[in-house]
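With my numbering, the residue at position 260 of the first sequence is 260, and numbering never jumps. Virtual Cβ for every residue (Gly too), placed ideally from N, Cα, C.
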Amino acid sequence: MSSDRRKPFPFDVFEPQWQAYWEENATFRVANPGEPGFDPSRPKYYVLDMFPYPSGAGLHVGHPEGYTATDIIGRFKRMNGYNVLHPMGWDSFGLPAEQYAIKTGQHPAVTTAQNVARFKAQLKKIGFGYDWSREIATSDPDYYQWTQWIFLKLYNTWFNPATHKAEPIATYTGPDPDHVRLAYVSEAPVNWCPELGTVLANEEVIDGKSEVGGFPVERRPMRQWMLRITAFAQRLIDELEGLDWPTSIKLLQQNWIGRSEGAEVHFKLADGEQQLTVFTTRPDTLFGATYMVVAPEHRIVDQITTEEQWPQVREYREKTARKSDLERTELAKEKSGVFTGAYAINPVNGEKIPIWVADYVLLGYGTGAIMAVPAHDERDFEFATKFGLPINVVVQAPGKSAEESRGFCEHGTAINSGFLDGLPTAEAKAKMGAWLEERRLGKLSINFKLRDWLFSRQRYWGEPFPIVWENGQHRAISESELPLTPPDLADFKPTGTPEPPLSKATDWVRYSETATRELNTMPQWAGSCWYYLRYCDPTNRERFVSEAAERYWMGGGKPGGVDLYVGGTEHAVLHLLYARFWHKVLFDLGYVSTPEPFQRLVNQGLIMGEDGQKMSKSRGNVVNPDDVIAEYGADALRLYEMFMGPLEQSKPWSMTGVEGVSRFLARVWRLVMQENQAGEWEMGPLSAEAALDKSQLRVVHATIKKVGEDIEALSFNTAIAQMMVYVNTFTGITPRPVTALRTLLILLNPFAPHLTEELWMRLGSKFAGFERLAADQPWPKYDAALLVEDEIEVPIQVNGKVRDRLVVSKDADKSTLEAAALASPKVQEFTSGKEIKKIVVVPGKLVNIVAV
RNA sequence: GCCGAUGUGGCGAAAUGGCAGACGCACCGGACUUAAAAUCCGUUGGGAUUCACCUCCCGUGCCGGUUCGAGUCCGGCCAUCGGCACCA
Numbered sequence: 001m002s003s004d005r006r007k008p009f010p011f012d013v014f015e016p017q018w019q020a021y022w023e024e025n026a027t028f029r030v031a032n033p034g035e036p037g038f039d040p041s042r043p044k045y046y047v048l049d050m051f052p053y054p055s056g057a058g059l060h061v062g063h064p065e066g067y068t069a070t071d072i073i074g075r076f077k078r079m080n081g082y083n084v085l086h087p088m089g090w091d092s093f094g095l096p097a098e099q100y101a102i103k104t105g106q107h108p109a110v111t112t113a114q115n116v117a118r119f120k121a122q123l124k125k126i127g128f129g130y131d132w133s134r135e136i137a138t139s140d141p142d143y144y145q146w147t148q149w150i151f152l153k154l155y156n157t158w159f160n161p162a163t164h165k166a167e168p169i170a171t172y173t174g175p176d177p178d179h180v181r182l183a184y185v186s187e188a189p190v191n192w193c194p195e196l197g198t199v200l201a202n203e204e205v206i207d208g209k210s211e212v213g214g215f216p217v218e219r220r221p222m223r224q225w226m227l228r229i230t231a232f233a234q235r236l237i238d239e240l241e242g243l244d245w246p247t248s249i250k251l252l253q254q255n256w257i258g259r260s261e262g263a264e265v266h267f268k269l270a271d272g273e274q275q276l277t278v279f280t281t282r283p284d285t286l287f288g289a290t291y292m293v294v295a296p297e298h299r300i301v302d303q304i305t306t307e308e309q310w311p312q313v314r315e316y317r318e319k320t321a322r323k324s325d326l327e328r329t330e331l332a333k334e335k336s337g338v339f340t341g342a343y344a345i346n347p348v349n350g351e352k353i354p355i356w357v358a359d360y361v362l363l364g365y366g367t368g369a370i371m372a373v374p375a376h377d378e379r380d381f382e383f384a385t386k387f388g389l390p391i392n393v394v395v396q397a398p399g400k401s402a403e404e405s406r407g408f409c410e411h412g413t414a415i416n417s418g419f420l421d422g423l424p425t426a427e428a429k430a431k432m433g434a435w436l437e438e439r440r441l442g443k444l445s446i447n448f449k450l451r452d453w454l455f456s457r458q459r460y461w462g463e464p465f466p467i468v469w470e471n472g473q474h475r476a477i478s479e480s481e482l483p484l485t486p487p488d489l490a491d492f493k494p495t496g497t498p499e500p501p502l503s504k505a506t507d508w509v510r511y512s513e514t515a516t517r518e519l520n521t522m523p524q525w526a527g528s529c530w531y532y533l534r535y536c537d538p539t540n541r542e543r544f545v546s547e548a549a550e551r552y553w554m555g556g557g558k559p560g561g562v563d564l565y566v567g568g569t570e571h572a573v574l575h576l577l578y579a580r581f582w583h584k585v586l587f588d589l590g591y592v593s594t595p596e597p598f599q600r601l602v603n604q605g606l607i608m609g610e611d612g613q614k615m616s617k618s619r620g621n622v623v624n625p626d627d628v629i630a631e632y633g634a635d636a637l638r639l640y641e642m643f644m645g646p647l648e649q650s651k652p653w654s655m656t657g658v659e660g661v662s663r664f665l666a667r668v669w670r671l672v673m674q675e676n677q678a679g680e681w682e683m684g685p686l687s688a689e690a691a692l693d694k695s696q697l698r699v700v701h702a703t704i705k706k707v708g709e710d711i712e713a714l715s716f717n718t719a720i721a722q723m724m725v726y727v728n729t730f731t732g733i734t735p736r737p738v739t740a741l742r743t744l745l746i747l748l749n750p751f752a753p754h755l756t757e758e759l760w761m762r763l764g765s766k767f768a769g770f771e772r773l774a775a776d777q778p779w780p781k782y783d784a785a786l787l788v789e790d791e792i793e794v795p796i797q798v799n800g801k802v803r804d805r806l807v808v809s810k811d812a813d814k815s816t817l818e819a820a821a822l823a824s825p826k827v828q829e830f831t832s833g834k835e836i837k838k839i840v841v842v843p844g845k846l847v848n849i850v851a852v
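Listed below in structure tokens is the structure:
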């Protein structure tokens, strides 16, 4: 890289100067309601980036893509008279810092601070207009004090099914509040990862391996903190509706929550008083249930398995327990299972049907037991075929015989089903539901795939729980004891057992004579669940956010508070779902004023390497923004990131493309400046008097219109293309009309803030109308009257093919156009000998003559 | 298997149902220069015809439909990418 090569414009000189200016003058600082400098007459605009985890690797060119987009929007809104909240911070708790600490013995707080400093310096070099006075870090005690405070709210809150809302636990009148808290303790089997020395959420396990590091994960029962997100499942689906999110992301969340309508059905066991409850989406097929299956881990297996079958059942259970999730899915091709020896009675026809154990039934979904209808369910069919169980057809496919309907899993007509016979599936479901309910054999019900959120981690570098244990009971510590800081540890190594590293700090663990502290820490998701609220009032010591600040920045009459949220698709489900959940709890409790956190969501696409592959160290195709800035400048980096293509699309990096936009910026520079004999830059031939001709005026106003509209639509690439047209229009003109330059600098300012401020200042030294900063100017207005051309070229088509073009007045009416078209010799050539059937005239657009 | 997104020149891309390829890259040609770089101007989807101008034909993954007119709308397929995946 020839960084000492002569620069096409001196960005290396003026970019750092402007960055320093913005910092010294706090140009992008925005005041809160009640603070000096706050202008209540302006509307608010809250534009947010997904804050980064400050890794040791520094920024790569993927980061600035979304950040540049929000920066352009923020600066644009500011020029349009908004109070713009555009903050940045750090998701700074997390596993990599802790693993680095284990390797090197350096405290995670130290490495985190270093990484944050590096990230911040890199971001500043790109010239983003963040309000740095609002910077936050989730690992900062002033911040996580409130993360812990929100946890206490969750702990002291329950979901009232009657009001469909979260309410203070005091309103719960049942026997044991511990059973309904939104934060509760569970002994359920969890994903234990020995390598990482921690348990993981279901969402952090991919194909039986940890998402971080790809280590094997096994299931074992442990005492864990859970958050009752499932209580909000329905609302998390319903309240997506009012949000301006991509439909694909809404669908992703809906599928993740996985609502299905069906029925619970109670099956009495053939022997004894017990019953087995199943969930089914097809209660209409109950007459076809020929056997039942329970998950191997299901508690009832111990009670119902006959002595004769016990050895086989036990062996099967042990085998499936040993299998990791990965093996379980890998072996899914072949169904397996064992008969328990027990039978149940089908409530609808009194038939005795066998109960099997099989790992294709999952303990965590529904009731962990199913009724098998092999004729109309693929999995049951496969299983029944393998083990020779009966297959009874009870739904007839449209246009097929009963025998042909075997294996038909869609909606049809009930047959062989007693009182349901002849009913279409939907009606049969409803009738069966009523029938079951009448006899107390079951009821229609709704099930969700979503599970409660496993909220504890056996880690050091995370928020400690504000909980102590006494006599086997948990209780919350007082809010006045927050923040609860983790102890200073010298040894961060996992204990090798599920005992968390905090257990090593014996003094810290001992809370009182009789009480000890909770040893788990919160997952990384916790801090990012509410950071957008803290930005509104980041230094408040009395409250997580003041009411006034929250109401102003998060309000606005829409369901979501943040006006625009930009980030990667990788957070489409987890982060966005968790944050919505917390927000709803805070909303129900009256702490925030909207039911949703994020009104408009946009996912930026991945930036690939020049080879079209995903950027990765191992491929050696990673582009470092620092190198790009050194060679082409921050403005070129920003502009290229936006010029590559639509924001949402993934696209490959191209250094020659960067060179292209860099050339464009150099042309802008040379519109104002020129090189003298000595090779120094001086102002070129400019004229404050020169008037623009009609076509130049049209370009100016068309550009004002297009750039403004395109920024609103986040179509930055076409906005830049239009500004290139603008520059090309004026490049050949001497002297350059200053008025046209002035407009250009304002339009280009959000994209290339350094260059435009520099030229703005230089022009201001010689011409009037360049007060303050370019960034302080109001966004220009366009005159629609100047956009229309007097004479337009209209294509004349014959049978849909362009045969001629005529220049006519823009107001030419239908008959004029028609006559002109028919008079065209070219048209006559193509219509001669044919009959003109029809003439389509769209005034101002085209003429199409249909001739046969 | 299910859900979603995408498919347009050599490349990144653009186009309220109305002139496909704006803008940029790359290539080629010209000007400037002793020369090169930089800069400025111009050409460039494919094919046929022509000395040339002109002109014509084909062309937005594939097949079909709606329409005076389809990259755009509808139906069916194919490919690539992303997500979910025994969810009863």
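Given A752 as reference, the closest of R638, T173, Y82 once Cα atoms are compared: Comparing Cα-Cα distances from A752 to each of R638, T173, Y82, the minimum goes to R638.
Cβ-Cβ separation, A775 to N749 (assumed contact under 8 Å), whole Å: Contact between N749 and A775 holds: their C-beta atoms lie close to 6 Å from each other, under 8 Å.
Cβ-based burial, A375 [other Cβ within 10 Å; buried from 16]: With 16 or more other Cβ atoms within 10 Å, it is buried.
Residue burial classification, V668 (beta-carbon count within 10 angstroms, cutoff 16): Its Cβ being crowded by 16 or more others within 10 Å, V668 is buried.
Euclidean distance between Cα positions of E15 and V217: Each residue's alpha carbon lies about 49 Å from the other.
Minimum C-alpha distance to L846 - residue among V808, H754, K335: That would be V808, whose Cα lies nearest to the Cα of L846.
Inter-stretch contact (C-beta, 8 Å, three-pair minimum) for the segment 668-688 and the segment 104-117: With the cut-off at 8 Å, the segment 668-688 and the segment 104-117 do not touch.
Three or more C-beta pairs below 8 Å linking the segment 453-463 and the segment 505-522: By the criterion of at least three beta-carbon pairs nearer than 8 Å, the segment 453-463 is in contact with the segment 505-522.
Pick from R457, H754, A26 that is closest to W132, judged by C-alpha positions: For the options R457, H754, A26, the alpha carbon positioned closest to that of W132 is the one of A26.
Whole-Å CB distance - L243 paired with A183, under 8 Å assumed: Their Cβ separation, rounded to whole angstroms, is 26 Å, which puts L243 and A183 out of contact at 8 Å.
Beta-carbon contacts of F770 that lie in its chain and below 8 Å, excluding the five residues immediately before and after: Only R742, W760, M761, L763, G764 meet the Cβ criterion.
Of the residues A344, A549, D12, N603, the one placed nearest N83, counting alpha carbons only: Relative to N83, the option among A344, A549, D12, N603 whose CA is nearest is A549.
Buried versus exposed, by CB contacts within 10 Å (16 or more), Q649: Exposed is the call here.
N- and C-terminal bounds of the alpha helix (DSSP H) containing Q224: According to the DSSP assignment, Q224 belongs to no alpha helix (DSSP H) but to the beta strand (DSSP E) extending over 224-227.
Exposure of F643, with buried meaning 16 or more beta-carbon neighbours within 10 Å: By the 16-neighbour rule on beta-carbons within 10 angstroms, F643 is buried.
Anticipated Cβ contact below 8 Å, L817 with V852, distance rounded: That pair is no contact at about 21 Å.
Other residues of its chain near D491: CB distance less than 7 Å, five sequence neighbours each side excluded: In its chain, beyond the 5 residues on either side, K504 have a beta carbon closer than 7 Å to the beta carbon of D491.
C-alpha gap between I391 and D284, whole angstroms: Approximately 16 Å between the Cα atoms of the pair.
Local Cβ density within 10 Å of R440, reported as buried at 16 or more and exposed below that: It counts as exposed.
Nonlocal neighbours in the same chain, by C-beta distance under 8 Å from I746, ignoring five residues either side: Residues M79, T756, A774, Q777, W779, P780 of the same chain have their beta carbon placed closer than 8 Å to that of I746, with the five preceding and five following residues left out of the count.
Under 7 Å between C-beta atoms of Y155 and A476: Yes; because the gap between Cβ atoms is below 7 Å, this pair is in contact.
Limits of the alpha helix (DSSP H) - the one that M642 falls within: Note, M642: alpha helix (DSSP H), 634-643.
Residue nearest to G720 in terms of C-alpha spacing, selected from F730, I733, V700, V661: Inspection of the sequence shows that residue 720 is occupied by Ile rather than by Gly. Closest by alpha carbon: V661.
Segment contact flag, the segment 87-94 with the segment 127-147, C-beta cutoff 8 Å, min 3 pairs: When Cβ pairs closer than 8 Å are counted between the two stretches, the segment 87-94 is seen to touch the segment 127-147, the count reaching three or more.
V47 vs T68 beta-carbon contact at 7 Å: With contacts defined as CB atoms closer than 7 Å, V47 and T68 fail to qualify as a contacting pair.
The beta strand (DSSP E) enclosing Y45, as first and last residue numbers: Residues 44-49.
Inter-residue spacing [alpha-carbon to alpha-carbon] between K7 and A690: Taking the Cα positions, K7 is about 31 Å away from A690.
Reference S480; option with closest CA among K250, Q148, P597: When the alpha-carbon of S480 is set against those of K250, Q148, P597, the nearest one is in Q148.
Span separating the alpha-carbon of L576 from that of T171: The C-alpha of L576 lies about 29 Å from the C-alpha of T171.
Whole-angstrom C-beta distance between D537 and S528, which should lie under 8 Å: Taking 8 Å as the upper bound for CB-CB distance, S528 and D537 are not in contact here, some 18 Å apart.
Chain-order list of residues whose beta-carbon lies under 6 Å from that of Y565 (same chain, five-residue window excluded): Excluding five sequence positions before and after Y565, the CB atoms of its chain that fall closer than 6 Å to its own CB belong to L48, F598, L601, given in chain order.
Contact under 7 Å by Cβ, V293 with A372: Their beta carbons are under 7 Å apart, which means V293 touches A372 by this criterion.
CB of V278 within 7 Å of CB of V313, strictly: No, the pair does not count as a contact, with Cβ atoms beyond the cut-off.
Local Cβ density within 10 Å of T320, reported as buried at 16 or more and exposed below that: Looking at its Cβ environment, which holds 16 or more other Cβ atoms inside 10 Å, T320 is buried.
Exposure of H298, with buried meaning 16 or more beta-carbon neighbours within 10 Å: H298 counts as buried, since no fewer than 16 other beta carbons sit within 10 angstroms of its beta carbon.
Sheet register partners of W192 (DSSP bridge): V199, E218.
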